[in-house]
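Okay, structure first, notes after.
Protein chains: 6
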Amino acid sequence: MRENAVKRLWEQDRPAFGGWLTIPSAFSAEVMAHQNLDWLCIDMQHGLIDYDTALAMLQAISTTATTPFVRVPWNDTAIIMKMLDAGAYGVIVPMVNSRAEAEAAVAACRYPPQGIRSFGPIRAVYYAGSDYFAHANQEVVCIPQIETTAALENLDGILSVEGVDAVYIGPMDLSISLGLPPQMDSDVPAYAEARQRILEACRRHNVVAGIHSTVASAPKRIAEGFRMVLASSDSSALARAVGEDIRAVRGAEPGAPGGPGYQ
Amino acid sequence: MRENAVKRLWEQDRPAFGGWLTIPSAFSAEVMAHQNLDWLCIDMQHGLIDYDTALAMLQAISTTATTPFVRVPWNDTAIIMKMLDAGAYGVIVPMVNSRAEAEAAVAACRYPPQGIRSFGPIRAVYYAGSDYFAHANQEVVCIPQIETTAALENLDGILSVEGVDAVYIGPMDLSISLGLPPQMDSDVPAYAEARQRILEACRRHNVVAGIHSTVASAPKRIAEGFRMVLASSDSSALARAVGEDIRAVRGAEPGAPGGPGYQ
Amino acid sequence: MRENAVKRLWEQDRPAFGGWLTIPSAFSAEVMAHQNLDWLCIDMQHGLIDYDTALAMLQAISTTATTPFVRVPWNDTAIIMKMLDAGAYGVIVPMVNSRAEAEAAVAACRYPPQGIRSFGPIRAVYYAGSDYFAHANQEVVCIPQIETTAALENLDGILSVEGVDAVYIGPMDLSISLGLPPQMDSDVPAYAEARQRILEACRRHNVVAGIHSTVASAPKRIAEGFRMVLASSDSSALARAVGEDIRAVRGAEPGAPGGPGYQ
Amino acid sequence: MRENAVKRLWEQDRPAFGGWLTIPSAFSAEVMAHQNLDWLCIDMQHGLIDYDTALAMLQAISTTATTPFVRVPWNDTAIIMKMLDAGAYGVIVPMVNSRAEAEAAVAACRYPPQGIRSFGPIRAVYYAGSDYFAHANQEVVCIPQIETTAALENLDGILSVEGVDAVYIGPMDLSISLGLPPQMDSDVPAYAEARQRILEACRRHNVVAGIHSTVASAPKRIAEGFRMVLASSDSSALARAVGEDIRAVRGAEPGAPGGPGYQ
Amino acid sequence: MRENAVKRLWEQDRPAFGGWLTIPSAFSAEVMAHQNLDWLCIDMQHGLIDYDTALAMLQAISTTATTPFVRVPWNDTAIIMKMLDAGAYGVIVPMVNSRAEAEAAVAACRYPPQGIRSFGPIRAVYYAGSDYFAHANQEVVCIPQIETTAALENLDGILSVEGVDAVYIGPMDLSISLGLPPQMDSDVPAYAEARQRILEACRRHNVVAGIHSTVASAPKRIAEGFRMVLASSDSSALARAVGEDIRAVRGAEPGAPGGPGYQ
Amino acid sequence: MRENAVKRLWEQDRPAFGGWLTIPSAFSAEVMAHQNLDWLCIDMQHGLIDYDTALAMLQAISTTATTPFVRVPWNDTAIIMKMLDAGAYGVIVPMVNSRAEAEAAVAACRYPPQGIRSFGPIRAVYYAGSDYFAHANQEVVCIPQIETTAALENLDGILSVEGVDAVYIGPMDLSISLGLPPQMDSDVPAYAEARQRILEACRRHNVVAGIHSTVASAPKRIAEGFRMVLASSDSSALARAVGEDIRAVRGAEPGAPGGPGYQ
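Protein chains in written order, with this note's numbering: chain A, 1 to 263; chain B, 264 to 526; chain C, 527 to 789; chain D, 790 to 1052; chain E, 1053 to 1315; chain F, 1316 to 1578.
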């Protein structure tokens, strides 16, 4: 079976740098897959992506060595299994708030006896190799998201579930849950403490700590001990870059600042 | 009929700033349409976009006031008409090398007696208004591309065709045709002279001069007299922004430069 | 944030007239969006529409001022959130039969602390504005459907849930649940009494009363006090209009009534 | 080979009633295919339909006995052949203005020695039967459109081409070409005379006369001698029906005429 | 209502031979639908197929008399109802492990009072006929899968649920659940006994016994008493046939065995 | 630039074995790409494939080392360029009947000064590498089809065009053009002589000889000297394999031969 390169990085305590896909296009996914990232996550929760497009994006990522992850829309057995069959090497599961929810997420990712995954890795065998069944339980990673106060309260329960390879903090949702405005890179004490608490719990349970980050915060998070960080996200990178371009160009033209989006 | 805002800018000798769409996605088009650009061009020639996606992208652009243009794959009557029926307010026609080819491009854009466009503006009437037929010949713009030495030789023939609203230089193809490597913003004399020659011919024939440009060159081109310039392009902006992000993030981690795309 | 125009109508006790979308096409949605309706509902339950098409239809509706609603396939947290992120300004939730189910529907529509909606309004911010988070809990409407005898029994429980903006009667399912044949505009006593009972409960709880209706029944329902009525539905309007056309044309030809669909 | 039922009607001098498809959806096509029409035409010229959708629509029509026609975007050999391979039983070819153009249209429809059609009826054999090659030249119909003054001048040339089964008048384009506004059912003398002239030429050449018509004009055209008439068109029937519905419903509510599309 | 031909076979104690669809294409479905099979199952669980494609495949199957089944991704009310509205004549429901789960599957398939199916058979009425509602509860079949040891333990509970028309053994998952490697046609005692036990329980409860089989095992299963067997599966048949072809062709060329997939 | 492995085989006078793709699906393409073939051809002429699907199929093939070719619908400059930009490493051009047509095909494949290809290899640079422009004229192959008597007459003209890397015989069309029934592997003298004549002309002009073949004929063609042969084709392999399966299974059941496709 093709190895999960991200898991190998983690085994060496090295950080895995990722990219985030929200644009429903296999071409933008392919462009992203050539940008020297360790993993790419197809976001089926907040990204504008459903199964058909996610499948095409998995194929596009498979033209490179970048490891394909999928954030499923919800902690739902059916879609977790369906995305693994399509060749995802890891699933990020949103809003896992209790030990029972973490167990359910893991169970969907593992063939019996470790879980309840149904057999039929129809595309996965082409991507991974014909010995997929023998190794999938080891190579495919399950990554619950910690992003609510409920999850904070159940941290040890969640992190002690056998088969949780990593957790991934959702800073926006965690901030909102803490009564703060949604922010990616906040240093507000309540949020910073929660982040620290998760990190320490991960160390305690020998689970990889991950966090949705930005080009600005990713290095800080790695320094703190996170080993799964986000370097860039497609639609925000696009909007930022094009916005800068048009401001630069219009700025060079005195007295004519506005276009149709200006009002 | 909804006005062609780009044509109004040109009537005031003001530049129209554009964006370029090559990613086949209505969402990335919608993101781009909110970036304060005057026009957006759906590139059906080199972009990875065919009719179905172009149609969805026209709808996405129509959620804003940005003027929608289409670069058709070739100087082909059928596709020009089909994109106008779908609501494009201008077509950019590649590789127009002679007066006859310019006449054909214009004819496809105009209802009789000015042209041979067939009647059936099935989506255009929703976007533009029910009086579309009465005004379309005036509002819809036809923009041949000048991008070969053959076109340079036939400049006056092309520019004197009634109904050519603007021309759009393709710097890459023009460079190659001149025996130079493909470059967007070259100052190589042979290319710079050709660009200047086209600009002057446009002035002579009262045709708007346009050019495929970048954030770096667009201000210079406006200063030279171009009134249709490109500020940004989706897939290259995406690759550039994400590439910068990952380099910044990896650069912050000593001694671990590479990912799967690094080799 | 762009206002929810339907909510404004309701605040003035004015009826909101809607259209129903079951044909999976962004173009038919755009045609419908130009027909002077207050709201359009993309039916992901019985309509032949899944996420990708629904997204394209939301974009098509966004080319007009018509307010976009979505009927989700089921009272499922993941799809409710996903459609709101895509820009829906209201969700109609089928088969809400208890207070707990109504609470779940509302929770999926609201950010904490009112609910559990996850943050990531990736298209919604383009449609609604960058201040979406600050206002979404107020502007986005949650509309459970009352369409079973179980729901009738739990009416007060359902209608007293904070955040239920309106309810929408499904006449067909309610009729079947009452042991009657499926009918849209029935005056059978058992059904008419149930309708009346829901209307009165809505008044008691200050919840907008809505009902799936037809061109024939909508005026009657408004007179009764409903403020959310259906004026037309795409596939049935299409079948009705084309059927009338072909019968009229064939009827004009003596002695030749039948075509391939005639047998 | 499955027979071409429309050709059988014509052999008995009976009219064939058709429907027009411009909405890019296999479901609306299937709805239309159940409306008792003899033929359905997928309009790839002015309809918002490209190959992928046209193929799905051909499959949808094939669930019924309605005969599938395609209007190709232009008199282009490649797309004519491609649509016949996909199972179309007739092609309507726009803007055929000369004998040479009619010959080209026919040649694309016929295997040698009658034409130049390339062999590969990959879906057609499933729809038509495995003996498709033996009968296709007889059963598949080629229908040039007469819709310009140039075509009027070359009527005899066009109609005398062996293999032209019918012609189909495009009233809108023909009107525009005659210097008139685009109208479907005009009785303006210049247009009425042209229509009559085409009808008589068809009789002379034993070619079926067809015309784009409406529910109002179709019976008159049949009375005049046309044997291919249009009874209804999807997007216009939809807009008409829904528009009537909303006007009726709003009209019943005093003093509140407008919705978002009202301005 | 169009009859369910598979149900008629079962009423005569005759086997129904099926095909399996995992390739997301309406054309491959149409090819399969012409291969003399009694039923075709669109596999939305392990097949690479989501709703939009499944809908197109249902239309493709509807061009023939083959009975369309769908395996839903999971025992989920919403998708079961959605596929029946789209015209499926049966649903195969994976991983039904208890009487309660069987009851839920059946309830989703039946209109009240037998179940909770919501009314809106929007495409089904075109495929089945306008009297669909009157007969659907009888004609549409519900087929839970027996594929775990838990299901084996609850066999009588599952099979005694009113409305379970057949069960369908998943040999791979059942093998894994029994601690064996995944195998289609195993004769390992533990698995063979389980198979036999299910068959006998079906006889006891007068439920049709079905099993996922192959060209090799199907005749044996029929001999044993199964009345729903699989004859072929699209992607595995394709891979097998093409693999044989290329091996045959390469084998004929001495000393040059390998291509790009050879290493 | 990634090398064209097929060209390397030809440089060593070794045969290149291919597969043919007519099913519009990126998954069936991916399955085929893992079958040890040297090249795969996406057939946009007779296959049921348009641009969007062809692009997805190119991405699917790019997950392996199999070399991607495209048969374009016709000898049309626009589509040839568009498919090369999408990453095709070769184009098969149907119905090339004269030296001028061969020159046009080659010109569309080559950047100036060898041809007129427009610059914009937007996906090709990701598949091939950033030095694509420097090597594309050498690596990308142009393969006209010889499949008419006209082409036979102009063989030397066609084969002497600089830049024709190979020719590919279309046995069906060539047979029809010779007045014979369409056959893949015919030994009818008129056809066999034509095949031999093409082979000899290829040797004279140092052009690779290719031919559409089958598992049965490919070894013979290689023995004759052809170096580009077809080993298998997706839809015919699928139909053949499934047809065999169902016949085998039904045959094992005495006295019950037929299913819905049997009549």
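All C-beta atoms in this analysis are idealised placements derived from N, C-alpha and C, irrespective of residue type, glycine included. Here the structure is a predicted model, which means the values were calculated and not measured.
Between threonine 477(B) and chain C, the shortest Cβ-Cβ separation is not below 8 angstroms. Residue contact check for tyrosine 168(A) against chain F: no CB pair falls below 8 angstroms.
Going by beta carbons, isoleucine 1395(F) and alanine 1420(F) fall inside the 8 angstroms limit. Look at tyrosine 111(A): its C-beta is not under 8 angstroms from any C-beta on chain F. Annotated three-state conformation of arginine 860(D) is strand, per DSSP. For alanine 757(C), a Cβ of chain D is located within less than 8 angstroms of the residue's own Cβ.
Residues of the region 1165–1197 of chain E that bring their beta carbon within less than 7 angstroms of a beta carbon in chain C comprise Ser1170, Phe1171, Gly1172, Ile1174, Arg1175 and Phe1185, in sequence order. Interface with chain B (8 angstroms Cβ-Cβ cutoff): glutamate 556(C) is included. For leucine 1232(E), there is no enclosing alpha helix (DSSP H), as DSSP marks it with neither H nor E.
The beta carbon of tyrosine 840(D) sits closer than 8 angstroms to some beta carbon of chain F.
Close to chain B, meaning a Cβ-Cβ distance shorter than 9 angstroms, are the following residues of the region 1371–1403 of chain F: Asp1391, Thr1392, Ala1393, Ile1394, Met1396, Lys1397, Asp1400 and Ala1401. For the region 1481–1506 of chain F, the beta-carbon criterion of a distance under 7 angstroms to any beta-carbon of chain D is satisfied by Met1487, Asp1488, Ile1491, Ser1492 and Pro1497.
Going by C-alpha positions, histidine 212(A) is about 9 angstroms away from tryptophan 20(A). At a cut-off of 8 angstroms between C-beta atoms, leucine 1290(E) counts as an interface residue with respect to chain F. Within the same chain, Cβ atoms closer than 8 angstroms to the Cβ of methionine 1236(E) are found at Pro1223, Met1224, His1264, Ser1265, Thr1266 and Ser1269, the five residues on either side in sequence being excluded. Here DSSP, grouped into helix, strand and coil, assigns alanine 1020(D) to strand. Under the 10 Å beta carbon count, glycine 210(A) is surrounded by 16 or more other beta carbons and is classified as buried. Separation of the CB atoms of methionine 570(C) and aspartate 576(C) is rounded to 7 angstroms, and the pair is thereby assigned contact status at 8 angstroms. At least 8 angstroms separates the beta-carbon of histidine 1086(E) from that of threonine 1129(E). Using a Cβ distance threshold of 8 angstroms, serine 1550(F) and histidine 1520(F) do not count as a contacting pair. Counting the other CB atoms within 10 Å of its CB gives glutamate 928(D) a total of 16 or more, which places it among the buried residues. For tyrosine 1220(E), DSSP records a beta bridge to Gln1197(E) and Gly1262(E).
According to the DSSP secondary-structure assignment, tryptophan 1091(E) is paired through a beta bridge with Gly1070(E) and Thr1119(E). Taking a beta-carbon distance threshold of 8 angstroms, serine 1024(D) counts as an interface residue toward chain B. Ranked by Cα distance from tyrosine 1441(F), the options Ser62(A), Asp165(A) and Met83(A) are led by Ser62(A). Beta bridge pairing from DSSP links valine 882(D) with Pro933(D). With respect to the C-alpha of valine 1083(E), the residue from Gln1064(E), Ala1068(E), Met1109(E) and Phe1069(E) having the closest C-alpha is Met1109(E).
Against chain D, the CB of alanine 1106(E) has no partner CB under 8 angstroms away; the residue lies outside that interface. Straight through space, the alpha carbons of proline 857(D) and histidine 46(A) are spaced by roughly 41 angstroms. Put simply, the backbone Cα of alanine 1106(E) is about 30 angstroms away from that of isoleucine 1250(E). Three or more Cβ pairs closer than 8 angstroms define a contact, and the region 939–955 of chain D falls short of that threshold against the region 906–920 of chain D. In the three-state reduction of the DSSP assignment, arginine 2(A) falls in the coil class. For the pair valine 141(A) and glycine 90(A), the CB atoms are nearer than the 8 angstroms cut-off. Taking every protein chain shown into account, the CB of valine 6(A) has 16 or more other CB atoms within 10 angstroms, so this residue is buried. Pairing arginine 503(B) with alanine 1449(F), the inter-Cα distance amounts to about 22 angstroms.
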